[in-house]
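Residue numbers for the sequence shown follow the numbering used here, beginning at 585 and rising by one.
Note that beta-carbon positions come from the ideal geometry of N, C-alpha and C, so glycine has one too.
All of these numbers come straight from a predicted model, not from anything done at the bench.
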Amino acid sequence: MEITSDIVDFIESGVSILVGTASDRLMPSCCRAMGARVDVATSELIVFVPAATSAQTLNDLEHGGRVAVCFGRPTDHRSLQLKGSLRGIESAEESDRQTIHRCRLALAEAWGEIGIPPRITLRMAHWPSHRIRIAIDSMFNQTPGPGAGASLGV
């Protein structure tokens, strides 16, 4: 699935990111990711989830492999949902820490614009992290309004 440069820019801009999974008994679970990037060559979505808060999500992925990732910008409510299958889970490396740091700072700034003090956001768990690699098979517009729920690709 092709991910446009506009979508890549949005995903990598430091927006709010939630990773949704379900257990083998279909019990939903969610955790916050603290950064993301897109490998355009492979169309893989890479999200970084803190080790401290992602145990259930990782367990669900290892047993089911399906995932939905929601990206939202609080200042204008632009939102996207990408769905796909697990390609792999690894420990985030020191080189990933720069992406996580940049995304955390951008999220703190955005949430600061809507009244959440940056010091609160910057205290959220973020390191050590896991790198989740996802093969994207569908994308949806989730921005409130007439186009909400529309597919953004095949």
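- Straight through space, the alpha carbons of Ser722 and Ala734 are spaced by roughly 11 Å.
- Per DSSP, the unbroken beta strand (DSSP E) holding Arg671 starts and ends at 663-675.
- In this chain, Ile587 is not harboured by any alpha helix (DSSP H), its DSSP state being neither H nor E.
- Assignment of Arg650 by DSSP, reduced to helix, strand and coil, places it in the strand class.
- Within its own chain, the residues whose Cβ lies closer than 7 Å to the Cβ of Glu697, once the five positions on either side in sequence are excluded, are Thr659, listed in chain order.
- Counting C-beta atoms within 10 angstroms of its own C-beta, Pro712 has fewer than 16 neighbours from the protein chains shown and is therefore classed as exposed.
- Taking all protein chains in view, the Cβ of Thr626 is surrounded by fewer than 16 other Cβ atoms within 10 Å, so the residue is classified as exposed.
- Ile684 is a Cβ neighbour of Phe632, given a cutoff of 8 Å.
- Classified as exposed, Ile704 has fewer than 16 neighbouring CB atoms from the shown chains inside 10 Å of its CB.
- With distances taken between CA atoms, Ala692 lies nearest to Leu706 out of Glu586, Arg671, Leu706.
- In terms of Cβ geometry, Arg616 and Leu629 do not form a close pair [threshold 8 Å].
- The DSSP-derived three-state label of Arg717 is strand.
- Of the residues Asp623, Glu678, Leu670, the one whose Cα lies closest to the Cα of Asp593 is Asp623.
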